[in-house]
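Protein chains: 2
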Amino acid sequence: MTRITANEFTGATFRPEQFVQSERRNSKLNIDQLNLFVESSPENAQLTHDLITQVTMDPVLKTGSDYYDMDKAQHRKATALKIAKMALYMEQDIQMAFKKYRNHDVVKGLQTDNEYPILTAKDLGIFDKRLSIISNQDPQLGTRIGVHLGLFGNCIRGNGTDQQIRYWLQEKGALFLKGIYGCFAMTELGHGSNVAQLQTRAEYNPKTDSFVINTPDLPATKWWIGGAAHSATHATVYARLIVNDKDYGVKTYVVPLRDPDTFQLLAGVFIGDIGTKMGRDGIDNGWIQFQNVVIPREYMLSRFTKVVNSGNDVRVLTEPTLDQISGYSALLNGRVNMVMDSFRFGSKFATIAIRYAVGRQQFAPNNDKSDDASETQLINYPLHQYRVLPHLAIVYLISPAAFKLMDTYHTTLEQLYKVSSSGNKRELKPVSMKLKDLFIDSASLKATGTWLVASLIDELRQACGGHGYSAYNGFGKGYNDWVVQCTWEGDNNILSLTSARSIMKKYADLAKGNTQTSESFRYLSPELVMGVLKGSHSAKLETLEDYTDVWGIMLIKMLHFCVKLVKETKSTDSISKHLVMISRFHAFHSMLRAYYLKLKDPSDSHVTDENSQKMLWSLYQLFSLYFIDKHSGEFQQFKVFTPDQISTIVQPKLMGLLPEIRKECIPLTDAFKLPDAMLNAPIGYYDGDIYNNYYNEVIKNNPPEADGPGKPEYHAHLTTMLRRGFQETEDLGKLGK
Amino acid sequence: MTRITANEFTGATFRPEQFVQSERRNSKLNIDQLNLFVESSPENAQLTHDLITQVTMDPVLKTGSDYYDMDKAQHRKATALKIAKMALYMEQDIQMAFKKYRNHDVVKGLQTDNEYPILTAKDLGIFDKRLSIISNQDPQLGTRIGVHLGLFGNCIRGNGTDQQIRYWLQEKGALFLKGIYGCFAMTELGHGSNVAQLQTRAEYNPKTDSFVINTPDLPATKWWIGGAAHSATHATVYARLIVNDKDYGVKTYVVPLRDPDTFQLLAGVFIGDIGTKMGRDGIDNGWIQFQNVVIPREYMLSRFTKVVNSGNDVRVLTEPTLDQISGYSALLNGRVNMVMDSFRFGSKFATIAIRYAVGRQQFAPNNDKSDDASETQLINYPLHQYRVLPHLAIVYLISPAAFKLMDTYHTTLEQLYKVSSSGNKRELKPVSMKLKDLFIDSASLKATGTWLVASLIDELRQACGGHGYSAYNGFGKGYNDWVVQCTWEGDNNILSLTSARSIMKKYADLAKGNTQTSESFRYLSPELVMGVLKGSHSAKLETLEDYTDVWGIMLIKMLHFCVKLVKETKSTDSISKHLVMISRFHAFHSMLRAYYLKLKDPSDSHVTDENSQKMLWSLYQLFSLYFIDKHSGEFQQFKVFTPDQISTIVQPKLMGLLPEIRKECIPLTDAFKLPDAMLNAPIGYYDGDIYNNYYNEVIKNNPPEADGPGKPEYHAHLTTMLRRGFQETEDLGKLGK
């Protein structure tokens, strides 16, 4: 039945596209200004728009609905083809970043000219953004390149000397997806989060001035290594530095794995495929075992730890302050990106579910059973508004925090690089302080953002009913691809605990007179803390700022409670459940604060239209109220709000905002400016023609034969079963005779 | 690296199996008695054991780790082979149920002998259980047979006359997976939950005394129909009965789709494949469109609605009381089974995650960095105990409620069948009352159970870190297969709303003096309600019974609040968020009550061992406390507990139970008696040898070639990329000349 016949009928036939379009006609919002707000600036918005157009139009890079029918082998091949294409875009992006396009080949310069500066993360900014945007339609591609650039690359950038950085990343060409392809061999079968306990060994041999890499036992097998199974020619390996039988702890080394021409494994390198995963099968995760693999001393990344062989004795020199931090700095880039991913991935599914909720009808008003009573749109049910609209607010609230974090990351790492090159000790402390704050914020925002989006996808899929379960509407693969973000590059629970412990330490330090300067810890001001503890400063929801500040008050009360408990119990175990909450609430506070500051300042928000401003403030309030209500247990238990305040203030305000935001829910999703090709989910396409679009994608991917799907290949087994006769049983009487 | 070499090494090498085994050595529990408790009786326990052995040993039925690497086509074929094998077991199961094995073929009798009784749901009890157990290792198989027996079969059984039941289910052989294979054509592209608004038309033609079935437009296309794409020869179709242009609403009809011999589609039947889904790809869900398909009048299922053609006039006779209920009764069976599935599926993943948590080590105590400090087992972290152990309690608490519901279902439907045959009006009311209570309980337990297990799988996967994301440890496919249970056969939100509305009505009826007799509504006793509202009866946690009763008190207070609000607002919309909670809390109360009654009575619980009793009571308390804490927002807001009671009673009790239950967590999972073949997840195998088992399954399914995974087929694209030269740019200067 085609689009035409679908409209031949009257009566109950649905016209979902008319609902969606009328929402747009009646809108009072300025979509372009809203887009500038979520994309943080006109320059960013333009760049995002150009990149989206390119990755959705490029015949190699684009992702259609056939994507949902690919098996592992097909995904891996398609991903490889896309990587090769991305490499060409990359050279162009670097060229543009250098603004040296005429009569000049920047890449050649970087590879061959020693006078050329070392490429900074900023120089790769355009390509990083391209990667983050294409990850939104094909996450596995993002990972497969991200492991090479973000993990392998940043491991060298963070732990290598300037010569090593220049050699591996520029001369050899790694940064341009040339010459070598890298993977990041940190995790082992038996060790994930506990990096300090990794068991792979790198023993220094003074006679040959080289390291011998070994995998001592099965649990020390490098595991989950993205790119190892098929793509990688080199790996940055985390292994224990052993010199003269002394264990200096885990350091990093560049270890060649394959001949880049033949892709043959090198001597002593054993590699296997880890096989099928919950999602992201386009990534060739592998395992690696080393048997006496020899690498020259120079392959150890020696920015902070050096092995010096004077001939008659061997010494190990270490820069204590930065050595440890830098070991993890490779993971920072991933965490910061995952916060941005949370915004982009979330915006996709919010758009799909809200357009479906507007177009889909179910039950007549008050369950009126008469045939002519036209059915109610899902979005008009208060329960459905409560199920979907807060997720829209979540997406809007993640954006400013994500852009702010990205910015802090770039500036801080640039400083770190400068300081560690200059070796200026005095400048070390302030930088490492900044780095520590960056670790806390990125950890709590990564954990919170990825968790929020995991439940966003799950709850919005359920809000789309059965059609949400169809592969072609994207929720299934979307969820399977997404949830690994809650585990890798720092398990969300571990990250929450570590960040919360550091926040507790900051809180405890207040007593010693150490005050906080960074914006995200402003709730730790001595005045506010005293006011809250004395009870002179209590929570309210009158001004817009209050909606951020209540979370600061909540945090102070929980921190106070935890610090007290730890003093008594001498252990943080008893409060680990609370610590996870503290990290989450800290992230909420950072998100609300970043959003508040941006929206308050039109020159920063780029939103001058009054209705749009008003709506953005409503989303801000909805976010805060939704989570106060979700966590009303903590808010009442720690006496931030009384039970009656929850009933008479928080919940009525919350339920009151929903119908108001519902009025503009379609324009608010249009403002993300995601083309259908990026959504890749027919029930969420722009024109709102749910049933025809969905039906057409299903038919396209499952064309019925002339006579329906026809006989299945296994048809004989069924007919044999259906046609079988009776199982006559023996006449046992006879046998008895 | 093999099992042997893995043990050649000392030092940091892990010995997870030793941890798991020592837990068993130190246990004080009686595993056999615990198993009798969760399996509800010795007979059930024995039957479960026998069936598990059969489905895990049978070479056709068993499911290995290769299952996780199958594509859609492979899954569908494997499922068809399993169906054919299950058909043979089925005949045996019916034979055994009849206890007429000698000199007699029961199936032949049922198919050919009119004196034979009509087969009841009880007679199929053994096979139903076999189905429910095999669904635990291969859910898609369970569905594919379940749609035929449970939906197609029960639709005929619930809506057909005795002759129709005998004809379709016995003579034609449907009940024995013979002759015809059925599907259940209810849902349409445009209509899911709102059955009354389905648009497929069945127009009666008096001249030919037949119905003409039509699909009026695209949204009326039958959609999601399990078995339609390839397997089904017949369908029970939900369509509007139109007689002389009058619409009598939605009735049910048996419509032939394919020739059972050739599997060719019949005239006017258009069928397509719905394609890939989030999970359960072994089910051939399809779409169906009817174009003037003619069926004889006798194919309308006419137990409650008849079309009588006297020759000169046509009348439609309806039995109002039961007609509507029976329309949905086909779905009851599925809902009841899903509560049992929740117990079985949950027990599988609880076992995997807890064995992993005991075997897996991470970080030294107090993050001691020294190499020799052996690392802490995950399960010894309070946070990890809080993350996994409550899920163990959930599984234990679902079991008694699931068995009780199954029992009520069988007795109630038998009564319904008797009454509707006898046509004895006086007996109608009590039965339909029972049926309504069954609808409420099954709805709230189905919604709550399936939601609990969805988050159980998700949270326990995260508790297994990266290894939980590997396909071979079962969480991925397990989650994808499971979550559809939250949507189909009654969307969880819709079910929650309808059951909660009925509970509200019962509460309101108290004022009219209508009291409740059924166990699951005991909290609606006038005395208790008055006591709670007057404040003379307040919540406490002293006796074991209190742990159930607090939920009754919570429910009364919420119901009171909601009824009041509805009186004011004249609509239930404003409280829909609360209604979902009421349904959830009602389910918690039913689960706790059923568990309490069973455990209190040793002749019912079969647990005489004191330690085991004590531990079962601890799980009971943990369940109640865990959810009081999770919902402490509601408990404080509705003043069941004060903030201080939450801090000083609920949470300390909760955290205090965890270490106690942790001591026996391995035996408590062993008590489910799930063999490795049923778990199909190496990190959860019985011997606890996590790393060797997991590594071996990965190698088995991804055997490395002599030289590692070797060159990927797409290798050329990568080398071309890595070997590409520089992009010389024109000397524009020259061109300028």
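So the sequences go chain by chain: A and B. Using numbering that gives the first Met the number 0, you'd call the opening residue of the first sequence number 0 and step up by one each time. Using numbering that gives the first Met the number 0, you'd call the opening residue of the second sequence number 0 and step up by one each time. Note that the Cβ used here is the ideal one computed from N, Cα and C, for glycine as well.
Any chain A beta carbon closer than 9 Å to Trp222 of chain B: yes
Chain B contact for Cys182 of chain A (CB, 9 Å cutoff): no
Residue-level contact to chain A via CB, Val579 of chain B, 9 Å cutoff: yes
Run of the alpha helix (DSSP H) containing Val106 of chain A, from where it starts to where it stops: 105 to 111
Identity of the residue in A:Trp481, A:Phe402, A:Asp57, A:Lys276 nearest Ser40 of chain A by Cα: A:Phe402
Residues in the segment 380 to 406 of chain B having any Cβ partner in chain A nearer than 9 Å: Tyr380, Pro381, Leu382, His383, Tyr385, Arg386
Closest residue to Phe587 of chain B among B:Asp208, B:Ile270, B:Met432, B:Phe626 (Cα-Cα distance): B:Phe626
Limits of the unbroken beta strand (DSSP E) element including Gln182 of chain B: Note that residue 182 of chain B is Cys in the sequence shown here, rather than Gln. Where Cys182 of chain B is concerned, the enclosing beta strand (DSSP E) stretches over 181 to 184.
Of the listed residues B:Leu330, B:Ser443, B:Thr220, nearest to Ile581 of chain B (C-alpha basis): B:Ser443
Chain-order list of residues whose beta-carbon lies under 7 Å from that of Val639 of chain A (same chain, five-residue window excluded): Ala538, Val549, Ile552, Met553, Lys556
Bounding residues of the alpha helix (DSSP H) (the contiguous stretch that carries Arg722 of chain A): Looking at the DSSP string, Arg722 of chain A is not in any alpha helix (DSSP H), and its letter there is neither H nor E.
Reduced DSSP category for Ala234 of chain A - H, G, I as helix; E, B as strand; rest coil: strand
For Ile378 of chain A, the first and last residue of its enclosing alpha helix (DSSP H): No alpha helix (DSSP H) contains Ile378 of chain A, which DSSP labels as neither H nor E.
Distance between His190 of chain A and Asp370 of chain B (C-alpha atoms, nearest Å): For Asp370 of chain B, the pLDDT reaches just 49, beneath the cut-off of 50, and the residue's location in the model is therefore unreliable, leaving the point undetermined.
Proximal chain A residues relative to Tyr67 of chain B, where beta-carbon distance stays under 7 Å: Thr275
Beta carbon proximity, Phe18 of chain B to chain A, threshold 9 Å: no
Chain A contact residues for Arg723 of chain B, given Cβ-Cβ distances below 7 Å: Lys177
Residues bridged to Ala86 of chain B [DSSP beta-bridge criterion]: Answer by DSSP bridge pairing: none, since Ala86 of chain B is not bridged.
Per DSSP, cross-strand counterpart(s) of Pro255 of chain B: B:His233
Beta-carbon contacts of Pro601 of chain A that lie in its chain and below 7 Å, excluding the five residues immediately before and after: Thr607
Sequence-distant residues of its chain with Cβ nearer than 6 Å to Ala219 of chain B (five each side left out): Glu187, Gln198, Thr199
C-alpha gap between Phe344 of chain B and Glu696 of chain A, whole angstroms: 33 Å
Per-residue DSSP class, three states only, for Arg314 of chain B: strand
Contacts around Leu737 of chain A, its chain only, beta-carbon distance under 6 Å, and the 5 residues preceding and following it disregarded: In the structure as shown, chain A begins at 0 and stops at 736. Residue 737 of chain A is therefore absent and cannot be evaluated.
DSSP three-state assignment for Met432 of chain A, whether helix, strand or coil: helix
Buried or exposed by the 16-neighbour rule on C-beta atoms within 10 Å, applied to Thr719 of chain B: exposed
Partners in chain B for Ala470 of chain A, counting only beta-carbon separations shorter than 9 Å: Gly274, Thr275, Lys276, Met277, Asp280
Within 9 Å of chain A by C-beta, residues of the segment 481 to 512 of chain B in sequence order: Val482, Val483, Cys485, Thr486, Trp487, Asp490, Asn491, Asn492, Ile493, Leu496
Residue interval of the beta strand (DSSP E) (run including Ala201 of chain B): 200 to 204
Unbroken alpha helix (DSSP H) run spanning Thr47 of chain A, endpoints: 41 to 56
Inter-residue CB distance, Ser131 of chain B and Asp406 of chain B (contact presumed, cutoff 8 Å): 14 Å between Cβ atoms; not a contact.
Helix, strand or coil at Asp370 of chain A according to DSSP, with G and I counted as helix: The predicted position of Asp370 of chain A is uncertain, since its pLDDT is 49 and thus under 50; a value taken from the coordinates is nonetheless stated next. Asp370 of chain A: coil per DSSP, three-state reduction.
Nearest candidate by alpha-carbon position, reference Asp272 of chain A, set A:Met299, A:Asn243, A:Ala231, A:Asn311: A:Ala231
Run of the alpha helix (DSSP H) containing Asp127 of chain A, from where it starts to where it stops: 124 to 133
Short CB-CB distance (under 9 Å) between Thr811 of chain A and chain B: Given a span of 0 to 736 for chain A in the structure shown, any question on residue 811 of chain A remains unanswerable.
Residue burial classification, Gly473 of chain B (beta-carbon count within 10 angstroms, cutoff 16): buried
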